[in-house]
Every structure is written in C-alpha cells, then in structure tokens.
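J.: Below is one structure. I have some questions about it.
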Amino acid sequence: MFAYIVRRLLLIIPTLFAIMVINFAIIQIAPGGPVEQAIAELTGSAVGATARISGAGPGEVGTESQFDVGQRTDTSKYRGARGLDPELIERLEKEYGFDKPPLERFLHMMGQYVRFDFGSSFFRDDRVVDLVLDKLPVSISLGLWTTLLAYLISIPLGIAKAVRDGQRFDVWTSGVIIVGYAIPNFIFAILLIVLFAGGSYVDWFPLRGLVSNDFGELSLLGQIEDYFWHLALPILAMAVSGFATTTMLTKNSFLDQISQHYVVTARAKGLTERRVLYGHVFRNAMLIIIAGLPGAFIGILFTGVLLIEVIFSLDGLGLLGFESLLKRDYPIIFGTLFFFTLLGLVVNLIGDLMYVIIDPRIDFETREV
Numbered sequence: 000m001f002a003y004i005v006r007r008l009l010l011i012i013p014t015l016f017a018i019m020v021i022n023f024a025i026i027q028i029a030p031g032g033p034v035e036q037a038i039a040e041l042t043g044s045a046v047g048a049t050a051r052i053s054g055a056g057p058g059e060v061g062t063e064s065q066f067d068v069g070q071r072t073d074t075s076k077y078r079g080a081r082g083l084d085p086e087l088i089e090r091l092e093k094e095y096g097f098d099k100p101p102l103e104r105f106l107h108m109m110g111q112y113v114r115f116d117f118g119s120s121f122f123r124d125d126r127v128v129d130l131v132l133d134k135l136p137v138s139i140s141l142g143l144w145t146t147l148l149a150y151l152i153s154i155p156l157g158i159a160k161a162v163r164d165g166q167r168f169d170v171w172t173s174g175v176i177i178v179g180y181a182i183p184n185f186i187f188a189i190l191l192i193v194l195f196a197g198g199s200y201v202d203w204f205p206l207r208g209l210v211s212n213d214f215g216e217l218s219l220l221g222q223i224e225d226y227f228w229h230l231a232l233p234i235l236a237m238a239v240s241g242f243a244t245t246t247m248l249t250k251n252s253f254l255d256q257i258s259q260h261y262v263v264t265a266r267a268k269g270l271t272e273r274r275v276l277y278g279h280v281f282r283n284a285m286l287i288i289i290a291g292l293p294g295a296f297i298g299i300l301f302t303g304v305l306l307i308e309v310i311f312s313l314d315g316l317g318l319l320g321f322e323s324l325l326k327r328d329y330p331i332i333f334g335t336l337f338f339f340t341l342l343g344l345v346v347n348l349i350g351d352l353m354y355v356i357i358d359p360r361i362d363f364e365t366r367e368v
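All residue numbers for the sequence shown refer to numbering that gives the first Met the number 0, where the first residue is 0 and numbers rise by one.
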C-alpha cells in the first residue's frame, strides 16, 4: 500500500503541471486580458473590454486620424488603446507582467506556486490566499452540508427502493427522483424563495448572507440556529437535484449484491432478512458509495454553486471565480486553479484509500498506478 501511495503522489506532479499548462495556454489566446481591462477602465469602455471587436468601441479616446502610425503600431494590439500614451501601455504591461514572454511568465508563476505563493489580485487590493480564505466558509458550508444531506436521503431511500424493487413504492419514488433531477437547482432555489422567503407566501427564511449582522452577539446555540437558518434554503435547493444519482447507485448496488450466492447461502441458514441485508449486503453494497464521498464533496464544493450564491447573496468561491474570469484577474484564476486541482487530486487518492479502509480485501499493490 505504501508503494501505491508513493506512486500516486508522484503522479500528481506531472498531472498538475499538464493541467496548468493547458489552462495557461487557453487563457493566453482568450481576448480581453488584464491590460485591456485596465485600458477599458481608463477610457470608460469597461463594458466591452472582453469582446473581440475590431474598430473603435464605446468610450475610446480620439480617432485614428489624430495619431501617427508609430503610436498606432505601439498600441494596436490592445483594443481601445488608440489615443493613449505608449509609455502608459508599457507601464501597464510591466505592472501585470506582460512585458515578458509567455513562457517566462508561466515558469515564474509555477515557481511561486511551488512555494504556495499565489501573489496578489490585479484588481482587488488583497492577496489571493486571503481572498480565498475569506470566501471559503461559504463554499465549505454549501458543499459539506449539501453532501451530507444528499447522502442521508440517498442511502436509506436507495436501500428501500432495492428491497421493494418493482413495487409501488419503487415506482412513485423513481418518479419523484426524476422530477427532482430534471429541475435545475437555481430554478428550485427561486421556487423556494417565492414560497418561503417573502416572495409571494410566507417569509420564514433570510435571503442574504451566511449569518445575521448580530451573529457575534448571539449565544452559541443562537449562532448555530442562525447559521442553519441562513443555509436551509440554499442547501435544500442544491440537495434536491443532487441526490438522484446517489439514490439510484445505492439501489443498483444493493440489487447486484442481493443476487449474489453468499446472500442465498445466508438466507438458507435461516438468518433474518434484516440480518442478511445489514450484516452481509450493506458492507459490500456501500463500498462504492462511501468511498466516493470525498469526491462528491469536492464536486459539490467547486461546481454548480455560482447561481445559488448569486440568488441567495452568498459571497463564496463560485462568485469569486466568476468575477475573476470576467476581470481577467489572472492571479486569482491560476492561484485557485492550482490549489483546488491539487486538492482534487489528493482527494481522489483519499477516495481510493477509503476502499481499503472499508474492505481490507482490496489490494492496490497489484496495480501499476
């Protein structure tokens, strides 16, 4: 097992490097970099800064005929730069590191990331690490409680469906699951707001923030209650569309195990159905479900939460990443990409190790990777 862990840890290095190279190359060819963003703010054309449009845009200073060819040559690679002093453009390039070739910038960036130095935001007066730490509680709260709620619903429901396979309960719960899976979480979030957050009916839940303004003045029990009061609707909106896959996976896993010979033998020995189900089938059937828990948490934590954060005014990592992409804030984009890709690779390894913890019969030493 130790050799397998070492191999997987060593494999993280080239995998992470390849991911960073691909994303760095994609970002370089995308229009509207940080220099263009700064120019757009200077010229008042920030709305169209990220569009690939030829010719003058809204708010551009002057016209082509007012400037000589030399100035056009110096600034023509940046949309909206005509009429600006070329020395200003050079200062902007130097400030954002674009006075160096892409390869040099990439190697310098990776050298910093190896030391976990993610630099500072281009457009926010703060370090990337501080920004991530500030937004992390919201994303962890959404990811953790959504995962736990989804598993707490999915596992018992999946077992019940497997035991009653083909019966009326299995049929109508499958219909409910399909409907829940088909409705996007942001649509369900809007429905919850309309029903329970002062939309058209009752006003039972808040619409803004992770906690109330007077959170620090509350008792410990009051803080816990306030925390879950704010999270109730966002978590429910995310969990409803997220438990379908786990439910069906649980059901199919149990059905597969129930048909095995060892179950027939256990029943022939006179064991009760409950003893067979939870004493023999449960451990084998739940192997793939429980081992996938870390990956499920990471998936919910960093995907599909942007609209939920916007709808419920939760300032988390999803919103930070979206705003960074719009602003072409490269330190935030690449810093968070590096850190969370590394985290995801480590969590995948933890998921594999959980197979061994749950079932010691599994031996990864026979695998090459």
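Glycine residues also receive a C-beta, built at the ideal position from the N, C-alpha and C atoms.
F187 to L313, Cα distance in whole Å?
T.: Between F187 and L313, the C-alpha separation is close to 17 Å.
J.: At what residues does the alpha helix (DSSP H) containing L151 begin and finish?
T.: Residues V127 to V162.
J.: By how many angstroms is the C-alpha of S153 removed from the C-alpha of Y354?
T.: For Y354 and S153, the distance between alpha carbons rounds to 20 Å.
J.: Whole-angstrom Cβ separation of A161 and T245, contact assumed at under 8 Å?
T.: About 13 Å; that fails the 8 Å criterion.
J.: Taking the C-alpha atoms as reference points, what is the distance between D225 and E216?
T.: One C-alpha to the other measures close to 11 Å.
J.: Whole angstroms are fine: how far does the CA of G241 sit from the CA of Y277?
T.: Distance between the alpha carbons of Y277 and G241: 25 Å.
J.: Can you grab the Cα-Cα spacing for the pair G157 / K250, in whole Å?
T.: Roughly 4 Å between the two C-alpha positions.
J.: For a test of the three-state rule: what should DSSP assign to D202, helix, strand or coil?
T.: Strand, per DSSP.
J.: For T340, which residues of its own chain have a beta-carbon under 8 Å away from its beta-carbon, when the five flanking residues on both sides are left out?
T.: So the list reads L15, I18 and M19, once near-sequence residues are dropped.
J.: Helix, strand or coil, according to DSSP, for S120 in the structure here?
T.: Coil, per DSSP.
J.: Return no unless some Cβ of chain D is closer than 8 Å to the Cβ of P330.
T.: As a matter of chain content, chain D is missing from the structure shown, which is built from one protein chain.
J.: Rounding to the nearest angstrom, what Cα-Cα distance links I189 and V113 in this structure?
T.: Rounded to whole angstroms, I189 to V113 spans 42 Å at the Cα level.
J.: Check whether the stretch 336-350 and the stretch 247-267 are in contact - that is, three or more C-beta pairs closer than 8 Å.
T.: With a cut-off of 8 Å, the stretch 247-267 and the stretch 336-350 do not count as touching, because too few Cβ pairs lie within range.
J.: Which word fits A48, buried or exposed, when buried means at least 16 other C-beta atoms lie within 10 angstroms of its C-beta?
T.: Low confidence applies here, because A48 scores a pLDDT of 36, under 50, leaving its location unreliable; read the following figure in that light. Flag for A48 reads buried.
J.: Please classify S64 as buried or exposed, where buried requires at least 16 neighbouring CB atoms within 10 angstroms.
T.: With a pLDDT of 32 at S64, under the threshold of 50, the predicted position of this residue should be treated as unreliable, and no value is reported.
J.: With a threshold of 6 Å on Cβ separation, who are the neighbours of V46 within its own chain once the five nearest residues in sequence on each side are excluded?
T.: Its pLDDT being 48, under 50, V46 is placed unreliably in this model, and the value from its coordinates should be taken loosely. Once the five neighbours on either side are set aside, V46 has no close Cβ partner at all.
J.: At the level of alpha carbons, what is the spacing between V262 and F1?
T.: Answer to the nearest angstrom: the Cα atoms are 34 Å apart.
J.: Looking only at C-alpha atoms, which of Y95, A24, I21 and R6 sits nearest to P33?
T.: For P33, the nearest C-alpha among the options comes from Y95.
J.: Considering only the beta carbon of each residue, do L348 and R126 sit closer than 8 Å?
T.: Going by C-beta atoms, L348 is not nearer than 8 Å to R126.
J.: Where do the ends of the alpha helix (DSSP H) carrying N283 lie?
T.: F281 to A284 is the span of the alpha helix (DSSP H), which, as asked, contains N283.
J.: Check each candidate in D164, I356 and P101 and name the one with the smallest Cα separation from I289.
T.: Ranking D164, I356 and P101 by Cα distance to I289 puts I356 first.
J.: Is the number of C-beta pairs between the stretch 127-140 and the stretch 304-319 that are closer than 8 Å three or more?
T.: Touching, yes, given that three or more Cβ pairs across the two stretches are closer than 8 Å.
J.: Would you report the Cα separation of I223 and G142, rounded to the nearest angstrom?
T.: Approximately 17 Å, taken between the alpha carbons.
J.: What whole-angstrom Cβ distance do A196 and L232 have, given they're in contact under 8 Å?
T.: Their Cβ separation, rounded to whole angstroms, is 6 Å, which keeps A196 and L232 in contact under 8 Å.
J.: Could you compute how far the alpha carbon of G298 sits from the alpha carbon of T145?
T.: Near 11 Å, if we compare the C-alpha coordinates of T145 and G298.
J.: Which residues share a DSSP beta bridge with G196?
T.: According to the sequence displayed, residue 196 carries Ala and not Gly. According to DSSP, which records beta bridges pairwise, A196 is partnered with D202.
J.: Closer than 8 Å is the cut-off here; do at least three beta carbon pairs connect the stretch 317-331 with the stretch 109-124?
T.: Yes: at least three Cβ pairs fall under 8 Å.
J.: What residue does the alpha helix (DSSP H) around M108 start on, and which one ends it?
T.: P101 to V113 is the extent of the alpha helix (DSSP H) around M108.
J.: Cα-Cα, which of Y180, L352, L336 and F281 is closest to V128?
T.: Out of Y180, L352, L336 and F281, L336 has the C-alpha closest to the C-alpha of V128.
J.: Counting C-beta neighbours from all protein chains within 10 Å, is the total for H107 16 or more, i.e. buried, or is it exposed?
T.: Looking at its Cβ environment, which holds fewer than 16 other Cβ atoms inside 10 Å, H107 is exposed.
J.: By DSSP, does T249 sit in helix, in strand, or in coil?
T.: Three-state DSSP puts T249 in a helix.
J.: Spatial neighbours of A55 within its chain, please: CB distance less than 6 Å, with the 5 preceding and 5 following residues excluded, ordered by chain position.
T.: At A55 the pLDDT is 37, less than 50, meaning the model places this residue with poor confidence; the figure from the coordinates comes in the next sentence. Cβ neighbours of A55 beyond the five flanking positions: none.
J.: Is the Cβ-Cβ distance between G179 and A243 less than 8 Å?
T.: It is a contact, given that the beta carbons lie within the stated cut-off.
J.: Should L102 be labelled buried (16 or more other beta-carbon atoms within 10 Å of its own) or exposed?
T.: L102 should be labelled exposed.
J.: Return helix, strand or coil for N212, following the three-state DSSP convention.
T.: Residue state, collapsed to three classes: coil.
J.: In angstroms, rounded to a whole number, what distance separates the CA positions of G269 and V275?
T.: Using only the alpha carbons, I get a separation of about 10 Å.
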